[in-house]
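Taken in order, these protein sequences are the chains called A and B. If you want my numbering, it's the position in the first sequence, counting the first as 1, plus 42. If you want my numbering, it's the position in the second sequence, counting the first as 1, plus 2. Backbone N, C-alpha and C define an ideal beta-carbon position, used for all residues, glycine too. Predicted model, so just to flag it, every value in this text is computed and none were measured. As C-alpha cells, the structure follows; a few thoughts come after it.
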Amino acid sequence: MSEGESSGASVWHQGRLLLGVSPGEPFNACERVVDRHCARYPEATAAIHRNHHGDRRVFTFEDLRRAVSRFASALDALGVKPGDRVFTLLEPMPELFWSILGAIRTGAIAGPLFAAFGSEAIRDRLGDSGARVLITHGRHLLKVRAAIEGLPGLKQVLVVDPPADGLRGIERDLAALLADASDERPPHPTSEQDPMLLHYSSGTTGKPKGVLHVHEALVGHAATARAVLDLRREDSYWCTADPGWVTGTSYALFGPWALGVPQIHYEGGFSSSAWYSLIEAERVSVWYTSPTALRMLMRDGVEAARAHDLSSLRHICSVGEPLNPEVIRWGLETYGHTIRDTWWQTETGCMQIANAPWLPVRPGSMGKPLPGVTAAVLDPTTHEPLPPGQEGLLALVPPWPSMFRTYWNRLDLYGARFRNGFYLTGDRAYTDADGYYWFVGRDDDVINTSGHLVGPFEIESALLTHPAVVEAAAFPIPVADAGEAVAARVVLAAGSESSRELIRDLKTLVRRQVGPYAVPREVVVVDRLPRTRSGKIMRRVARAEHLGLPVGDLSSLDES
Amino acid sequence: MDEWKQKLLEYIRDHLAQDPSQVTSTDQPLISTGIMDSFALVELSVFIEEEFGVSVPDPEMTAEHFDTIDLGVATIARFADDA
Numbered sequence: 043m044s045e046g047e048s049s050g051a052s053v054w055h056q057g058r059l060l061l062g063v064s065p066g067e068p069f070n071a072c073e074r075v076v077d078r079h080c081a082r083y084p085e086a087t088a089a090i091h092r093n094h095h096g097d098r099r100v101f102t103f104e105d106l107r108r109a110v111s112r113f114a115s116a117l118d119a120l121g122v123k124p125g126d127r128v129f130t131l132l133e134p135m136p137e138l139f140w141s142i143l144g145a146i147r148t149g150a151i152a153g154p155l156f157a158a159f160g161s162e163a164i165r166d167r168l169g170d171s172g173a174r175v176l177i178t179h180g181r182h183l184l185k186v187r188a189a190i191e192g193l194p195g196l197k198q199v200l201v202v203d204p205p206a207d208g209l210r211g212i213e214r215d216l217a218a219l220l221a222d223a224s225d226e227r228p229p230h231p232t233s234e235q236d237p238m239l240l241h242y243s244s245g246t247t248g249k250p251k252g253v254l255h256v257h258e259a260l261v262g263h264a265a266t267a268r269a270v271l272d273l274r275r276e277d278s279y280w281c282t283a284d285p286g287w288v289t290g291t292s293y294a295l296f297g298p299w300a301l302g303v304p305q306i307h308y309e310g311g312f313s314s315s316a317w318y319s320l321i322e323a324e325r326v327s328v329w330y331t332s333p334t335a336l337r338m339l340m341r342d343g344v345e346a347a348r349a350h351d352l353s354s355l356r357h358i359c360s361v362g363e364p365l366n367p368e369v370i371r372w373g374l375e376t377y378g379h380t381i382r383d384t385w386w387q388t389e390t391g392c393m394q395i396a397n398a399p400w401l402p403v404r405p406g407s408m409g410k411p412l413p414g415v416t417a418a419v420l421d422p423t424t425h426e427p428l429p430p431g432q433e434g435l436l437a438l439v440p441p442w443p444s445m446f447r448t449y450w451n452r453l454d455l456y457g458a459r460f461r462n463g464f465y466l467t468g469d470r471a472y473t474d475a476d477g478y479y480w481f482v483g484r485d486d487d488v489i490n491t492s493g494h495l496v497g498p499f500e501i502e503s504a505l506l507t508h509p510a511v512v513e514a515a516a517f518p519i520p521v522a523d524a525g526e527a528v529a530a531r532v533v534l535a536a537g538s539e540s541s542r543e544l545i546r547d548l549k550t551l552v553r554r555q556v557g558p559y560a561v562p563r564e565v566v567v568v569d570r571l572p573r574t575r576s577g578k579i580m581r582r583v584a585r586a587e588h589l590g591l592p593v594g595d596l597s598s599l600d601e602s
Numbered sequence: 003m004d005e006w007k008q009k010l011l012e013y014i015r016d017h018l019a020q021d022p023s024q025v026t027s028t029d030q031p032l033i034s035t036g037i038m039d040s041f042a043l044v045e046l047s048v049f050i051e052e053e054f055g056v057s058v059p060d061p062e063m064t065a066e067h068f069d070t071i072d073l074g075v076a077t078i079a080r081f082a083d084d085a
C-alpha cells in the first residue's frame, strides 16, 4: 500500500452526514430514502418512469411514500414478519421499486431477481433463501410456475397484471391486495445492523450464494452516490442497471434517493436511438452505465449520437467490467466527457475503487481506493501486501458500512473470503507507482460476461440436463471487443451425434434455465474433458485446449 | 425473403425470446421492447450464417438493424447482394 491511499476525510463519514445518522444510531433505510424527504419537499420529483411505448409517469417523494406504505401494509396483511424474505421478479417498473422498499419498510429482507432469469435460476434463489413471498408479472407466470413447484417455504405469489386465464394456487392479484392496503404504514424500527437485502452472486463451485446486506449499507450508497457520481438534487440522473443486479439497487434506487435526487427508470430494451432520445428528452446530466452498453453505442457510431442533443450530460460513469481505453477515447470525442470507471462487487455493496471526479483518469485503470477505503494487492500464498508493479490478489481491509454480512446459510464460505485481516475480492490486480489500481482478471473460474458474473457450475448444470450430454465444462473466452464471453465443451453420450440443432438446443437450455447473459457463444463437442486424478473437471485446462494455448504444468492443477 | 422472415421468426420465437408467445409478427420491435435481449444478436449472427449462408459483419449486428424481423432481413439482404 502506498501512502496517501486513505488520505482525506472518509467517504463513509460523509455518507452518515448526508443521511443524518450517527454511528450506531438505528434507522430504517426505507425511511431515510423516502419519508425523510417528504418532511421537507414532498412534491419534489423522485422518479420518472418511462417505457418503450413512450409512456411517461412522474412520481413525487410523497407519491413514493404512499406507494411503499401500501406495499408494506399489503405484506402485513399476508403475515410477512421482519426477517422474512420477499422476492421480486419484475422488469424495472414502478411496482419493482415499491416492492423492494415496501418489504424493507416492514423489516423484511428484499430479494430482487433479474426478470430474465430462467426457471432454474429462479428456483435456486427462492429455495436457498426460503423466500416467503414472490412478486412478479403475469408474463412470467409460465416460468415461475415451473420454478416454484415443490418449494414449501413460498406462501404467496403476487401478480402484477394477472393473465386473462386467471390465477391458481398461491397466486394472488397484487392490485386487489393493494386496493385494501393503507397508505399510512410507518417504517418498522429496524437497527442499522438488521438485514434488508439479499442479492445472489456466482462463485466457482456450486450454486449462487445469497449476499446479505444490512440497513447500514445505505451509508455507503449515499457516500459514493455523492463522492463518485457527484449527484445533486438538481441533477437528472439515469442509471441503466436493472435492480435484479446490485448496481440497480445501490445506484438506481438507494444511493440517489438517499440524497433526494430524482432518477429516471427506463423499462425497455437497448437501442441507441431509444437511449439517446431518453437522454435528450429528460436532459440527463449524470449517467451511470456499463462498458457493454457503451460498446454497443460505439458500434452504432458517432452519427447516431450527433443526431441527438446530448449537451445536458455533465458526468458519465461505468461499472461491471474494465472499461477499455478505446471506449474512454471514443466517449470523450462523442460526449465531450471522460467516462469514469468504478470498481466494486455485490459483496462490497458500493464503490470501493474508482476514477472519482477529482482524479486524473489513466485510461484502463480502475482508479484509486476512495478515501476511507484501504485496498492492497496480496501475495496469493502468504496474503502479505505486494509492492507496486507486482500482480496479486486484490483485497480490502474490513469493515465498511455496506460490506456484506454473510452468505445466506453459508457462514463457512463467508469466512473463507477473509485472510490475514483482508477481504479477498476474488479479482487479480496490480498497482502502479502512483497508487492507481489495474485490473488483471478473476482469480477463480467465475465468468464476467458483459458485466454479469456467472458461475460455470450453473451453465454446466443446464447443459447436463440435455439427455445427450454426459460431461460439460464452461469457461470464459476473450472476445473481440475486449470483454469475455462464455464457451463450453461437452462430451456426448454414446450414440449421440453433434449437429447444428443440438448446439442450438443446448444454448436454448442455458437461456431458459439460467438466463440470456449466460448463453455460451461457442459450444464444442469433444471426446473427453481433462480431469484431475480424483475426477474433477479442470476447467482451466479445457479452456486452454479450447483456445489452443499451452496447457502448462498439469501437476500443479491436479487437485486444485 | 419471405422464407427468411419465416425462418427467423421461428428461430427467434423458439430459441431467443424471453416469452415465445410474445413473438407474433415480423414488423414488431423485439429488442427495444425487451422481448429479445441484445445478447441474442450473437446467436442470431451464427444462425444467419448457418441457415442463409450470409455473413453480416459484426458492426452491422446492432439492435437498430435487427429490432424487427423485417429490418433484420433487409440488413441480411444487403450483405447477400454483396456476396
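Check: Under three-state DSSP, which class holds A/Lys578?; Outcome: coil
Check: For A/His508, would you say it is in contact with chain B, using Cβ-to-Cβ distances shorter than 8 Å as the test?; Outcome: no
Check: If B/Ser34 and A/Ser492 are in contact, beta carbons under 8 Å, what's the gap, nearest whole angstrom?; Outcome: About 18 Å separates the two Cβ atoms, so there is no contact after all.
Check: Quick one: complete beta strand (DSSP E) runs, 3+ long, within the region 377-439 of chain A?; Outcome: 382-385, 417-420, 434-438
Check: Return the residues of the region 152-172 of chain A that lie within a Cβ-Cβ distance of less than 9 Å from chain B, sorted by chain order.; Outcome: Ala157, Ala158
Check: Run down chain A in chain order and give the residues with a C-beta less than 7 Å from the C-beta of B/Asp69.; Outcome: Ser313
Check: Should B/Gln8 be labelled buried (16 or more other beta-carbon atoms within 10 Å of its own) or exposed?; Outcome: exposed
Check: Give me the chain A residues within the contact set of B/Gly36, using Cβ-Cβ distance strictly less than 8 Å, ordered along the chain.; Outcome: His94, Glu133, Glu309, Gly310, Gly311
Check: What are the residues that DSSP puts in a beta bridge with A/Asn70?; Outcome: None, per the DSSP bridge assignment.
Check: Whose C-beta lies closer than 6 Å to the C-beta of A/Ala515 among residues of the same chain, with five residues either side of it excluded?; Outcome: Arg531, Leu571, Ile579, Arg581, Ala584
Check: Do the CB positions of A/Gly434 and A/Arg470 come within less than 8 Å of each other?; Outcome: yes
Check: Take A/Ala81 and list the residues in its own chain whose beta-carbon comes closer than 8 Å to its own, dropping the five residues that flank it on each side.; Outcome: none
Check: Could you tell me whether any Cβ in chain B is nearer than 8 Å to the Cβ of A/Pro558?; Outcome: yes
Check: For the region 136-156 of chain A and the region 100-116 of chain A, state whether three or more C-beta atom pairs, one from each stretch, are separated by less than 8 Å.; Outcome: yes
Check: Using CA coordinates, which residue listed in A/Ser354, A/Glu324, A/Gly62, A/Ser292 is at the minimum distance from A/His379?; Outcome: A/Ser354
Check: Whose C-beta lies closer than 6 Å to the C-beta of A/Ala510 among residues of the same chain, with five residues either side of it excluded?; Outcome: Leu534, Ala535, Ser538
Check: Nearer than 7 Å: is that true of the beta carbon of A/His588 relative to any heavy atom of the ligand FAD?; Outcome: Ligands in the displayed structure: none, and consequently the ligand FAD is not present.
Check: In terms of alpha-carbon separation, which member of B/Asp83, B/Ala76, B/Arg80 lies closest to B/Asp29?; Outcome: B/Ala76
Check: Terminal residues of the continuous beta strand (DSSP E) containing A/Met338?; Outcome: Taken as a continuous stretch (DSSP letters only), A/Met338 belongs to no beta strand (DSSP E), being part of the alpha helix (DSSP H) at 333-341.
Check: Of all the residues that make up the region 542-570 of chain A, which are near chain B by a beta-carbon distance shorter than 8 Å?; Outcome: Arg542, Arg546, Lys549, Thr550, Arg553, Pro558, Tyr559, Val561, Arg563
Check: Using 8 Å as the Cβ pair cut-off and three pairs as the minimum, do the region 259-266 of chain A and the region 288-304 of chain A touch?; Outcome: yes
Check: Do we get a CB-CB distance below 8 Å when we pair A/Asp203 with the residues of chain B?; Outcome: no
Check: Let me make sure I understand the geometry here. Which of A/Asn70, A/Phe103, A/Ala223, A/Ala323 has the alpha-carbon closest to that of A/Phe97?; Outcome: According to the sequence displayed, residue 97 of chain A carries Asp and not Phe. With distances taken between Cα atoms, A/Asp97 lies closest to A/Ala323.
Check: Are three or more beta carbon pairs between the region 439-452 of chain A and the region 233-252 of chain A nearer than 8 Å?; Outcome: yes
Check: Interface residues of chain B around A/Asp342 at Cβ under 7 Å?; Outcome: Thr64, Glu66
Check: Taking its Cβ as the centre, do 16 or more other Cβ atoms sit within 10 Å of B/Arg80, making it buried, or is it exposed?; Outcome: exposed
Check: Measure how close the beta-carbons of A/Leu120 and A/Gln198 come, nearest whole angstrom, since I'm counting them as under 8 Å.; Outcome: 6 Å
Check: Under 8 Å Cβ to Cβ from A/Val566, same chain only, skipping five residues before and after it: list those, please.; Outcome: Ala529, Ala530, Arg531, Val532, His588
Check: Give every residue of the same chain whose Cβ lies closer than 6 Å to the Cβ of A/Leu193, excluding the five residues on either side of it in the sequence, and list them in chain order.; Outcome: Leu168, Gly169
Check: Taking C-beta pairs closer than 7 Å, name the residues in chain E that B/Phe54 reaches, listed in chain order.; Outcome: In the structure shown, chain E cannot be found, because the protein chains are A and B.
Check: Expressed to the nearest angstrom, what Euclidean distance is found between the alpha-carbon atoms of A/Tyr377 and B/Val44?; Outcome: 27 Å
Check: Look up A/Phe312 in the DSSP assignment and give the residues it is bridged to.; Outcome: None, per the DSSP bridge assignment.
Check: In three-state DSSP terms, what is A/Asp469?; Outcome: strand
Check: Check each candidate in A/Phe156, A/Ala417, A/Gly414, A/Leu455 and name the one with the smallest Cα separation from A/Asp284.; Outcome: A/Phe156
Check: With H, G and I counted as helix, E and B as strand and the rest as coil, what does DSSP make of B/Gln8?; Outcome: helix
Check: Who are the neighbours of B/Asp83 on chain A, taking C-beta pairs under 8 Å?; Outcome: Within 8 Å Cβ-Cβ: nothing; B/Asp83 doesn't reach chain A, min ~22 Å.
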